[in-house]
Amino acid sequence: MLQAQETILPNGSAWRWNKGNNEVSTPNTLWRGAGFNDSSWASSNAPFHYGDGLVGGTLLSDMRSNYTCIFLRVPFVITNVAEISAVQLVVNYDDGFVAWINGAEVARLGVTNATPAYSNTASISHEAGSAEAIGVTNPPSNYLVAGTNLLTVQAFNQSLTTSTDFRFETLLQITKTNLTQPLITNVSPAASATLAALTQVTVFFNKPVSGVDAADLLVGGQPASAVSGPAGTNRYTFTFTQPPPGLVDVGWNEAPGITDIQGAPFDPTAPNATWSYTLTDTGAPVISERTPVSGAFVAHLTQVELFFNEPVFGVNATDLLINGQPATNVTGAEVGPYVFQFVQPAAGQVNFSWAGA
Numbered sequence: 000m001l002q003a004q005e006t007i008l009p010n011g012s013a014w015r016w017n018k019g020n021n022e023v024s025t026p027n028t029l030w031r032g033a034g035f036n037d038s039s040w041a042s043s044n045a046p047f048h049y050g051d052g053l054v055g056g057t058l059l060s061d062m063r064s065n066y067t068c069i070f071l072r073v074p075f076v077i078t079n080v081a082e083i084s085a086v087q088l089v090v091n092y093d094d095g096f097v098a099w100i101n102g103a104e105v106a107r108l109g110v111t112n113a114t115p116a117y118s119n120t121a122s123i124s125h126e127a128g129s130a131e132a133i134g135v136t137n138p139p140s141n142y143l144v145a146g147t148n149l150l151t152v153q154a155f156n157q158s159l160t161t162s163t164d165f166r167f168e169t170l171l172q173i174t175k176t177n178l179t180q181p182l183i184t185n186v187s188p189a190a191s192a193t194l195a196a197l198t199q200v201t202v203f204f205n206k207p208v209s210g211v212d213a214a215d216l217l218v219g220g221q222p223a224s225a226v227s228g229p230a231g232t233n234r235y236t237f238t239f240t241q242p243p244p245g246l247v248d249v250g251w252n253e254a255p256g257i258t259d260i261q262g263a264p265f266d267p268t269a270p271n272a273t274w275s276y277t278l279t280d281t282g283a284p285v286i287s288e289r290t291p292v293s294g295a296f297v298a299h300l301t302q303v304e305l306f307f308n309e310p311v312f313g314v315n316a317t318d319l320l321i322n323g324q325p326a327t328n329v330t331g332a333e334v335g336p337y338v339f340q341f342v343q344p345a346a347g348q349v350n351f352s353w354a355g356a
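Just so you know, we're using numbering that gives the first Met the number 0 here: the sequence shown kicks off at 0 and counts up by one.
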């Protein structure tokens with residue numbers, strides 16, 4: 000299984016926020032939950048700061064000597080909790096903070112109070128500048144839900160009156176595990192079908208895939224000659240020369256290079272990745288070449304060589320008649336050459352025919 004990191008809350012995001020002039024809920028933990036109404040809070044973009052000379056974000060010009068913390072809330076959406084293997088915050092802060100997701104604490108730096116109050120301060124002095132990645136140790140399934148989730152933060156300054164700066168900004172990242180590899184869900188013609196003609200096959204995958212080449216598909220052991228279907232679709236049509244009649248196996252080369260959007264590879268040995276058809280022979284074989292050629296004048300004639308347009312079986316010497324007399328011997332296989340030998344006929348026109356014709 001492949002893993003990919005995704006940022007679901009980037010830097011510069013808009014947050015609902017409130018100054019820490021007093022507790023914002025009773026009890027003072029209620030504001031961390033989804034049921035809390037924050038519609039009266041301001042909505043502004045990170046970073047939240049003063050004293051660092053930053054441009055952009057939200058300037059807290061009145062923070063010094065008035066409040067030591069701010070309360071922050073922002074929603075985010077998770078579609079499938081099961082595919083998330085890790086969560087991390089990448090935080091740029093001065094001086095401390097505590098973060099919760101859906102009310103469960105997920106990160107804490109520079110704050111010692113078990114249940115922070117609005118009047119608390121950070122326990123250390125920490126300068127912003129370099130963002131720090133903080134992995135959440137609690138398994139994601141313990142605090143994430145499918146649908147809308149809520150990240151809340153209480154960010155603190157070290158001092159009410161003497162601190163010359165403050166900053167808080169975080170991005171939120173998840174690591175997603177690709178739980179499903181590309182699989183074949185259907186083929187056309189249907190697998191195991193009995194067909195009179197077979198020169199193309201359409202393959203349907205369970206998700207969009209790319210890296211599909213004609214030579215990836217093997218029909219009767221031979222690579223297809225062309226494939227159509229834009230990259231990133233789940234439907235590809237392969238064309239090829241019709242194989243010989245009989246059982247036709249369809250499969251893939253050992254390393255087809257087919258992947259989904261996240262890079263998960265298609266497994267050519269997975270169930271339903273190989274199938275077969277029965278190709279019927281609807282046309283009778285015909286002679287495609289003969290030596291000597293028909294109508295030739297020859298001085299000596301004790302054998303002829305014949306080629307057929309397709310492999311044939313059950314050829315016997317007595318099948319060929321020379322002036323009504325059967326040949327005495329034959330060698331050959333598949334399409335030929337079949338060499339028929341016989342006693343030299345009398346001079347004159349020699350007629351060849353088939354027994355039972």
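Cβ coordinates follow ideal geometry from the N, Cα and C atoms, glycine included.
On a predicted model such as this, the values are computed, not experimentally measured, just so you know.
Per-residue burial, residue i [other beta carbons within 10 Å of its own, 16 or more giving buried]
i      : result
Val23  : buried
Trp251 : buried
Glu168 : buried
Trp99  : buried
Gln4   : exposed
Gly109 : buried
Phe237 : buried
Lys61  : Sequence inspection shows Asp at residue 61; the Lys mentioned does not correspond to that position. Classification for Asp61: exposed.
Pro255 : buried
Ala295 : exposed
Pro181 : buried
Leu246 : exposed
Ser162 : buried
Val297 : exposed
Ala113 : exposed
C-alpha gap between residue i and residue j, whole angstroms
i      : j      : result
Pro267 : Tyr337 : 40 Å
Asn248 : Leu194 : Checking the sequence, you will find Asp at residue 248 rather than Asn. In a straight line, the C-alpha of Asp248 is about 13 Å away from that of Leu194.
Asp280 : Leu217 : 21 Å
Thr136 : Gln221 : 52 Å
Tyr117 : Lys18  : 9 Å
Asn322 : Ala283 : 24 Å
Asn119 : Val144 : 31 Å
Gly335 : Pro310 : 8 Å
Pro26  : Gly55  : 34 Å
Arg107 : Gly262 : 34 Å
Glu253 : Thr290 : 43 Å
Asn185 : Phe312 : 35 Å
Thr174 : Ala269 : 26 Å
Gly95  : Asn148 : 23 Å
Lys206 : Ala272 : 14 Å
Val349 : Ile286 : 18 Å
Pro242 : Gln324 : 37 Å
Nearest neighbour of residue i, chosen from the options [CA to CA]
i      : options                           : result
Phe47  : Ile133, Arg31, Gly134 and Ala154  : Ala154
Trp274 : Gly219, Val54, Asp318 and Arg289  : Gly219
Val404 : Ala116, Phe306 and Pro284         : In the structure as shown, the chain begins at 0 and stops at 356. Residue 404 is therefore absent and cannot be evaluated.
Asp51  : Asn112, His125, Thr78 and Ala85   : His125
Ala225 : Thr232, Asn233 and Val211         : Val211
Ser140 : Glu82, Arg72, Val329 and Ile321   : Glu82
Gly146 : Pro181, Thr111 and Ala33          : Ala33
Val329 : Val314, Gly294 and Ala103         : Val314
Pro188 : Phe203, Ala213, Thr174 and Pro207 : Phe203
Ala45  : Arg289, Trp30, Val86 and Asn91    : Asn91
Ile123 : Gln199, Asp93, Ala106 and Ala103  : Asp93
Thr176 : Thr184, Val152 and Gln2           : Gln2
Ala196 : Thr28, Asp164, Thr240 and Ala214  : Thr240
Ala332 : Leu320, Ser84 and Asn308          : Asn308
Gly134 : Pro242, Gln87 and Ala41           : Gln87
Anticipated Cβ contact below 8 Å, residue i with residue j, distance rounded
i      : j      : result
Ile7   : Leu171 : 6 Å
Ala354 : Thr317 : 6 Å
Arg31  : Thr151 : 5 Å
Arg166 : Ala127 : 4 Å
Tyr49  : Asp164 : 6 Å
Arg15  : Val105 : No, Arg15 and Val105 are not in contact; Cβ-Cβ is about 18 Å, not under 8 Å.
Ala213 : Ala223 : 5 Å
Thr57  : Asn156 : Not confirmed; about 15 Å, so no contact.
Contact between the segment 334-353 and the segment 297-307 is defined here as three or more beta-carbon pairs at a separation below 8 Å; is this criterion met? A contact exists between the segment 334-353 and the segment 297-307.
- Query: Is it a yes or a no for the segment 78-95 touching the segment 25-42, going by three-plus beta-carbon pairs under 8 Å?
  - Reply: Judged by Cβ distances under 8 Å, the segment 78-95 makes no contact with the segment 25-42, as fewer than three pairs qualify.
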